[in-house]
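For the sequence shown, our numbering begins at 101 and goes up steadily by one.
Idealized CB from N, CA, C, for every residue including glycine.
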Amino acid sequence: MTLDPGLADWLRLAIIPGLGGEGLRKLLLAFGSPAAVLQQSQSSLTQYVRQPVARAILAGVDETHLVSAAGWLADPLNRIVTVADAAYPQALLNTADPPLLLYVKGRVDLLNTPALAIVGSRNATVQGLRDAEAFAQSAAECGLCVVSGLAQGIDAAAHRGALRGKGRTIAVVGTGLDKVYPASNRELAHQLAQDGCIISEFALGTPPLPANFPRRNRIISGLSLGCLVVEAGLQSGSLITARMALEQGREVFAIPGSIHSPQAKGCHSLIKQGAKLVERAQDILEELGYLFKAGAAAAAPDHPLFQHLGFDPVDAETLAQRSGLTIA
101 MTLDPGLADW
111 LRLAIIPGLG
121 GEGLRKLLLA
131 FGSPAAVLQQ
141 SQSSLTQYVR
151 QPVARAILAG
161 VDETHLVSAA
171 GWLADPLNRI
181 VTVADAAYPQ
191 ALLNTADPPL
201 LLYVKGRVDL
211 LNTPALAIVG
221 SRNATVQGLR
231 DAEAFAQSAA
241 ECGLCVVSGL
251 AQGIDAAAHR
261 GALRGKGRTI
271 AVVGTGLDKV
281 YPASNRELAH
291 QLAQDGCIIS
301 EFALGTPPLP
311 ANFPRRNRII
321 SGLSLGCLVV
331 EAGLQSGSLI
341 TARMALEQGR
351 EVFAIPGSIH
361 SPQAKGCHSL
371 IKQGAKLVER
381 AQDILEELGY
391 LFKAGAAAAA
401 PDHPLFQHLG
411 FDPVDAETLA
421 QRSGLTIA
């Protein structure tokens, strides 16, 4: 597949070392298009970016990335969307630092649908996973797209809940889309590419660098009407997403937990700072103006034992006493 010349120019600028989104925005505002930027002299470029960056633009980039992108785009599921495209998510355009291009695998139409971000701890409790899946399923059944980060724990549970609700879900990742991280979510990622979509601002081949994940969080919140934090410790990256949501003018919701649970302390901190405490999916849907469909709040228990589970871990002997069943 041959790259469209206009898209090729976007990609050339996107991988210039040290340019970044802010520098590229300045150049585009000054010169109008990527093609025009690439035709400028060094003296013109240095009015807006540093000398090393201007020299890098004039020197050009390794075209290997463009060849890789062309091969990747041969798959009909894959697309690269720039801020100049009609398919670019309008919600992101209204944020302070929108990515200038997005790699998309799956349903590009989901980028402009009303969405709820659901995030939380990678090391989630059993109850946290159940909450994430149930809230996501309810949101999906009511027409909201569920946005999360494809991480282990709460993120993965949220994606699964949305898919179980026959709804829509977007995963925003911190790697190139030719990689799946963590590898344990490979099967989930495949399902998302078929029934939802996966997006990234990072070039193909980008590894899961720690600095990438806080940066991708602004996209998770920026795509959404609101952000639900299901579980989070005080050092959780989910609190970064919540802060970015507030900065972007989004609603922030948090589920309270046990005062003894480290995974609840981040949510409690958010609630103290003004996040809306939520106990049911209806609380979020009503706040966002969505009518709640009766019966969507939680799935019916799959097994009688679930009726005897509380909200903290329980051993088999105690569960047997509560249920009247014997341990086989």
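Residue i to residue j span [Cα, whole Å]
i: Leu127; j: His368; result: 43 Å
i: Pro282; j: Gln252; result: 7 Å
i: Gly120; j: Asn285; result: 29 Å
i: Ile498; j: Ala289; result: Past the boundaries of the shown model lies residue 498; the chain is included only from 101 to 428, so the question cannot be answered.
i: Ala159; j: Gln140; result: 12 Å
i: Thr102; j: Ala170; result: 6 Å
i: Ser358; j: Lys365; result: 9 Å
i: Val352; j: Ala191; result: 16 Å
i: Leu173; j: Pro189; result: 20 Å
i: Ala114; j: Glu301; result: 9 Å
i: Ala332; j: Ala256; result: 15 Å
i: Asp197; j: Arg264; result: 33 Å
i: Ala215; j: Pro199; result: 18 Å
i: Ile218; j: Ala232; result: 7 Å
i: Ile180; j: His360; result: 46 Å
Residue range of the unbroken alpha helix (DSSP H) whose run includes residue i
i: Phe235; result: 226–241
i: Ala258; result: 254–264
i: Ser143; result: 142–145
i: Lys126; result: 120–131
i: Ala156; result: 151–159
i: Leu385; result: 381–387
i: Leu138; result: 134–138
Residue i in three-state terms, based on DSSP
i: Ile320; result: helix
i: Lys372; result: helix
i: Leu113; result: helix
i: Thr164; result: helix
i: Glu187; result: First, the amino acid is wrong: residue 187 is Ala here, not Glu. In the structure shown, Ala187 sits in coil (DSSP, three-state: anything other than H, G, I, E or B).
i: Asn194; result: coil
i: Thr341; result: helix
i: Gly206; result: strand
Residue i burial status per 10 Å Cβ neighbour count (16 or more: buried)
i: Asn317; result: buried
i: Ala136; result: exposed
i: Pro105; result: exposed
i: Asn178; result: buried
i: Arg260; result: buried
i: Glu241; result: buried
i: Asn194; result: exposed
i: His403; result: Confidence in His403 is poor, its pLDDT being 41 and thus under 50, which makes the residue's placement too unreliable to answer from.
Endpoints, beta strand (DSSP E) assigned at residue i
i: Phe353; result: 351–354
i: Ile247; result: In the sequence on display, residue 247 carries Val and not Ile. First-last of the beta strand (DSSP E) with Val247: 245–248.
i: Ala174; result: It is not in any beta strand (DSSP E) - Ala174 carries neither H nor E in the DSSP assignment.
i: Leu328; result: 326–329
Near the ligand MN: residue i beta-carbon under 6 Å from a heavy atom
i: Lys376; result: Because no ligand of any kind appears in the structure shown, any question about the ligand MN cannot be addressed here.
Unbroken alpha helix (DSSP H) runs of length 4 or more, entirely within the stretch 282–317: which are they? 286–295
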